[in-house]
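Contents: one structure, followed by commentary.
In my numbering, the protein residues as written are 39 to 224.
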């Protein structure tokens, strides 16, 4: 079962996703997608690692800033009996957008990565929780790269939400279920 957890920055989505994972399985694989660019990011990552370490839940952490599709495929094929938590898709998207930034067809290259991820998520048979930032409530970015990111993130989030069986929006630390298995729109 695939679950998408979205919300704004500092909304409580990662904490909710971790708690949800702890209720879904006896152990977890935490796929961290951040790429450490500076000391402030290193401190954030360290804080997240310490929180998981002291949670009392057996997490195996995998750092994967790019090859998320391959990592999920490997876990699926291994028959891993753990909930998999990916935090977060928008950082993964940022990594790819910056990687391809100088390419003339960067948006298409990143879109291809999104297509591959959607395929893996839609066929994932285990417990999978994906965290992403909701970017549609903000202002229109001033710079082209920012607008590309916002547009790609919005499309990615919609496509991932479509293939997930459950979707939550977290705001001010409160999760709101937007989609469940029973939710069908004709």
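Even for Gly, the Cβ is constructed at its ideal location relative to N, Cα and C.
Item	Value
Return helix, strand or coil for residue 179, following the three-state DSSP convention.	coil
With DSSP as the reference, please indicate the residues paired to residue 103 in a beta bridge.	DSSP lists no partner for residue 103.
Which two residues bound the contiguous beta strand (DSSP E) that contains residue 206?	204 to 209
Could you round the C-beta distance between residue 164 and residue 204 to whole angstroms and report it? I think they count as a contact, below 8 angstroms.	About 14 angstroms; that fails the 8 angstroms criterion.
Can you give me the Cβ contacts of residue 74 inside the same chain, cut-off strictly under 7 angstroms, excluding the 5 residues immediately before and after it?	80 and 83
Hey, residue 106 and residue 155 are a contact pair by Cβ (cut 8 angstroms); roughly how many whole angstroms apart?	6 angstroms
Using the DSSP secondary-structure output, state which residues sit across from residue 70 in a beta bridge.	101 and 125
So what's residue 40 in DSSP terms, helix, strand or just coil?	strand
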